[in-house]
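Protein chains in written order, with my numbering: chain A, 1 to 386; chain B, 387 to 772.
We put the CB at the ideal spot given by N, CA and C, even for glycine.
Below is one structure, written out as structure tokens; comments come after it.
There are 2 protein chains.
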Amino acid sequence: MQGVTAAAGFRAAGVTAGLKTSGKPDVALVVNDGPDAAVAAVFTSNRAQAHPVIWSRQVVGDGAARAVVLNSGGANCFTGPFGFQTTHMTAEAVGDALGIGAGDVVVCSTGLIGVGDQTFRDGVLRGVDLASAALSADGGPDAATAIMTTDTKAKQSVVTEDGWTVGGMAKGAGMLAPGLATMLVVITTDAVQTPDQLDQALRAATRITFDRVDSDGCMSTNDTVVLLSSGASGVTPEVGDFQEALTAVCADLARQLQQDAEGASHDITIEVVHAATEDDAVTVGRSVARNNLFKAAVFGNDPNWGRVLAAIGTTDADFDPYAVDVSMNGVRVCHAGAPDQPSDTVDLTPRDTHVRIDLGVGTHAATILTNDLTHDYVHENSAYSS
Amino acid sequence: MQGVTAAAGFRAAGVTAGLKTSGKPDVALVVNDGPDAAVAAVFTSNRAQAHPVIWSRQVVGDGAARAVVLNSGGANCFTGPFGFQTTHMTAEAVGDALGIGAGDVVVCSTGLIGVGDQTFRDGVLRGVDLASAALSADGGPDAATAIMTTDTKAKQSVVTEDGWTVGGMAKGAGMLAPGLATMLVVITTDAVQTPDQLDQALRAATRITFDRVDSDGCMSTNDTVVLLSSGASGVTPEVGDFQEALTAVCADLARQLQQDAEGASHDITIEVVHAATEDDAVTVGRSVARNNLFKAAVFGNDPNWGRVLAAIGTTDADFDPYAVDVSMNGVRVCHAGAPDQPSDTVDLTPRDTHVRIDLGVGTHAATILTNDLTHDYVHENSAYSS
């Protein structure tokens, strides 16, 4: 599994620049050697945006980028003008090392907000030097490792079609919006695609994958998903085929994010069916996914469907509270707003948990991926800063 | 402290009907002996409303009510037509016992959603019999005890003015909307007030008290605040004086709810100042209050202001993320969107925690009360159903 270097035309590296006190790798570089340099990206919808996000929005505006540099060990967010200058200097350093313009370098950072002092800057710039020297056509796994923060596993995915490939890497334990674990994703392809095609495909894919992972309802200031195409395969896939491969890579990475969420003991799939609109289905699923009482109940293996209904009731979705069905792991515990099968027939001990909500008013559906609220979540987010 | 029996013209009781396996008191009755029978009430804004809420909305519609019966040990929500019939029968039983119409009896229930079977019905009706026989002019404390669920303390408050009194009781550890701990509040007064005056005063008071407690962001299906006036003092207070006394009782009870929130180790006051509108200030405060990462950080005594800014960034409030100041317990840790005083100079060990957010764009302010996210919260909401 070569992740971002599975597609032809890409090199990558992951190095240790000393940003992390743990001494683990912390700077990654992904380079598109072309012939094309097409790019598309989506960013956090948080209005408090980190300096790298502000910078990178500008970089991808013209549809061209040659490299993505990523660091863990500091978010460089709310770090003042000095922080923005650091981001700019990082792009320039990559540009100098590769002989490209700084304006073609996407920058991503992840770590603690407020971290971005001279030590941080020195570390990132040292990382750029080391990574530029370490670039290789099989550097994908190293890059995937260097962007990890509280992740326990590097996350990569590859789909290979007839003569072309889509591959990617991800870090984080949240969602595109929200997810304060800062989700960073780089996806590469050697398919021939215009920037507009990339943009359209990326938005369509993220809308139903990363945007539907809602681990803890918190929205990061640094979330970034970048898609680069080198065109090195010389193949222009059918639009539907490219969309399918890209969505598969995004869905696989999204699932990996959910499965590695901080402190979680259950991966909860919330499937909302028979909604009046897809928006309604997403709204209902997200409301349940963000309900701490429901999430704590799942941690306790308690099929507390009342908390599901109470969460649905906070939304403006089209439904009748007394006509809703709720099933948990295949057992319909609530029918038409009243108790159905006994709760003690539900087995919630497996990590994979399935909640099905039938609103009974329409034909639309959506699925949200979330996690339970556990002691380990509280511990990981209270015992030390992140 | 006589709570709901501090004002003249009221009797109350709290009895043990066997609804709780713990054998603790579980049914309360508050009776207004007049001469007036004016009432106003506010209910949960959750669209999934328990049977007692649906019933009681109708009861207070004409501005008159003679009694409030409340049970813990079962929410009687999502219990089907049988459950609604139980609520109706409960009101009729109270009406029969007191010689009043069932349509003048407000019903409140709290406990597990989905609980409302024959055993529950039998228990509540037995409780009505017992409570009717136990009514007394100093029964306020017993009533306040009988409505407790996970509360560790009975909650009462009284303000006595020149010849008239406002008193009340509350249970729960949440907020009017939201707060899945089900907040039930009964407030009584012997001041002479029309139903319209009561309604106006109650809405004005709850808007800035109960509505601004947001312990865990979860909205109950049963929340109810009822205000009854007997007129027994014969005194008609100045409008401002009555409002002040009522708001003081509501604020006191709201603070008691916060201080008894499930599993909390910090009572967090989030003060948002210099907002463009009061709505903006409330939105910002609530967003921070609902951010699990911020709440977990406070549990860990970590002044993680980055999580505060990230939470503000998810709102549509008028602000510039790079012009915000954040202070924690008096120390300004973030100025103009950059680090200010060192975080390690903030002492977050006291239970009382103060976060001040200066948006710097206007003249409006609001304060939200919340709690931290703790191991005990996860334990209490996962280890057993509630």
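Sequence-distant residues of its chain with Cβ nearer than 7 Å to residue i (five each side left out)
| i | result |
| --- | --- |
| Thr760 (chain B) | Gly649, Ala650, Ser651 and Phe685 |
| Val235 (chain A) | Gly163, Trp164, Ala191 and Val192 |
| Lys20 (chain A) | Asp26, Ser72 and Gly73 |
| Arg416 (chain A) | Summary: the structure shown does not reach residue 416 (chain A), with chain A confined to residues 1 through 386, and so no result is reported for it. |
Assigned secondary structure, residue i (DSSP; H/G/I helix, E/B strand, else coil)
| i | result |
| --- | --- |
| Leu755 (chain B) | strand |
| Ala287 (chain A) | For the record, residue 287 (chain A) in the displayed sequence is Ser; it is not Ala. It is helical. |
| Ala12 (chain A) | strand |
| Arg126 (chain A) | helix |
| Gln2 (chain A) | coil |
| Cys636 (chain B) | helix |
| Ala661 (chain B) | strand |
| Ala724 (chain B) | strand |
| Ile743 (chain B) | strand |
| Gln193 (chain A) | coil |
| Val115 (chain A) | coil |
| Leu566 (chain B) | Because the pLDDT at Leu566 (chain B) is just 44, under 50, the model does not fix this residue reliably, and the value given afterwards should be weighed accordingly. In this structure, Leu566 (chain B) counts as coil in the three-state DSSP scheme. |
| Ala769 (chain B) | coil |
| Ile147 (chain A) | coil |
| Arg351 (chain A) | coil |
| Ala556 (chain B) | strand |
| Thr160 (chain A) | strand |
| Thr496 (chain B) | strand |
| Lys153 (chain A) | coil |
Residue-chain proximity (residue i, chain A), Cβ-Cβ < 8 Å
| i | result |
| --- | --- |
| His437 (chain B) | no |
| Lys406 (chain B) | no |
| Ala483 (chain B) | no |
| Pro707 (chain B) | yes |
| Leu494 (chain B) | Residue 494 (chain B) is actually Cys in this sequence, not Leu. By this cut-off, Cys494 (chain B) is not an interface position. |
| Leu643 (chain B) | no |
| Gly395 (chain B) | no |
| Asp688 (chain B) | yes |
| Leu570 (chain B) | no |
| Ala696 (chain B) | yes |
Cutoff 8 Å: residue i Cβ touching any chain B Cβ
| i | result |
| --- | --- |
| Val56 (chain A) | The question names Val, but residue 56 (chain A) is Ser in the sequence shown. No - not a single Cβ of chain B is within 8 Å of the one on Ser56 (chain A). |
| Arg47 (chain A) | yes |
| Cys250 (chain A) | no |
| Ala67 (chain A) | no |
| Phe43 (chain A) | no |
| Thr277 (chain A) | no |
| Gly74 (chain A) | no |
| Leu29 (chain A) | no |
| Gly179 (chain A) | For Gly179 (chain A), the predicted structure reports a pLDDT of 39, less than 50, and the residue's modelled location is therefore unreliable. A value from the coordinates is still provided. No, no contact with chain B. |
| Gly306 (chain A) | yes |
| Thr188 (chain A) | no |
Proximal residues to residue i (C-beta, below 8 Å), its chain only, five neighbours per side dropped
| i | result |
| --- | --- |
| Gln357 (chain B) | As displayed, chain B neither begins before 387 nor continues past 772, which places residue 357 (chain B) out of reach and without an answer. |
| Val115 (chain A) | Gly73, Gly74, Ala75, Asn76 and Thr79 |
| Thr472 (chain B) | His437, Asn462, Thr465, Gly502, Phe506, Arg507 and Val510 |
| His474 (chain B) | Trp441 and Ala488 |
| Asp726 (chain B) | Asp711, Arg718, Val719 and Cys720 |
Close-in-space but distant-in-sequence residues of the same chain around residue i (CB under 6 Å, 5 per side omitted)
| i | result |
| --- | --- |
| Ala423 (chain B) | Ala450 and Arg452 |
| Phe84 (chain A) | His51 |
| Ile100 (chain A) | Arg66 |
| Ser56 (chain A) | Val106 and Val107 |
| Ala703 (chain B) | Asp666, Thr669 and Val670 |
| Glu657 (chain B) | Arg742 and Thr753 |
| Ala275 (chain A) | Ala281, Leu359, Gly362 and His364 |
| Gly481 (chain B) | Gly487, Ala488 and Val491 |
Cβ-heavy atom distance, residue i to the ligand FAD, below 7 Å
| i | result |
| --- | --- |
| Val428 (chain B) | This structure lacks the ligand FAD, and indeed carries no ligand of any kind. |
Proximity test, Cβ basis, 8 Å: residue i and chain D
| i | result |
| --- | --- |
| Ala577 (chain B) | Given the protein chain composition of this structure (A and B), no chain D is represented. |
Mind listing, in chain order, the continuous alpha helix (DSSP H) runs of no fewer than 4 residues lying wholly within the segment 408-493 of chain B?
437-446 and 466-484
Listed from N- to C-terminal order along the chain, which residues in the segment 582-616 of chain B have their beta-carbon within a distance smaller than 8 Å of any beta-carbon of chain A?
Asp602, Gly603, Cys604, Met605, Ser606 and Thr607
Using a Cβ-Cβ cut-off of less than 7 Å, give me the residues of the segment 748-768 of chain B that come near chain A, in sequence order.
Leu759, Thr760, His761, Val764, Asn767 and Ser768
Pull out every residue of the segment 77-89 of chain A whose Cβ sits closer than 9 Å to any Cβ of chain B, in chain order.
Cys77, Phe78, Thr79, Gly80, Pro81, Phe82 and Gly83
Name, going along the chain, the residues of the segment 499-531 of chain B whose beta-carbon falls closer than 7 Å to a beta-carbon of chain A.
Ile499 and Gly500
Contact residues within the segment 654-686 of chain B, judged by C-beta distance below 7 Å to chain A:
Asn677, Asn678, Leu679, Ala682, Ala683, Phe685 and Gly686
Would you list, in sequence order, the uninterrupted alpha helix (DSSP H) runs of no fewer than 4 residues that lie entirely inside the segment 203-270 of chain A?
239-259
Listed from N- to C-terminal order along the chain, which residues in the segment 699-724 of chain B have their beta-carbon within a distance smaller than 7 Å of any beta-carbon of chain A?
Gly699, Thr700, Pro707, Cys720, Gly723 and Ala724
Taking beta-carbon pairs under 9 Å, can you tell me which members of the segment 533-557 of chain B lie near chain A?
none
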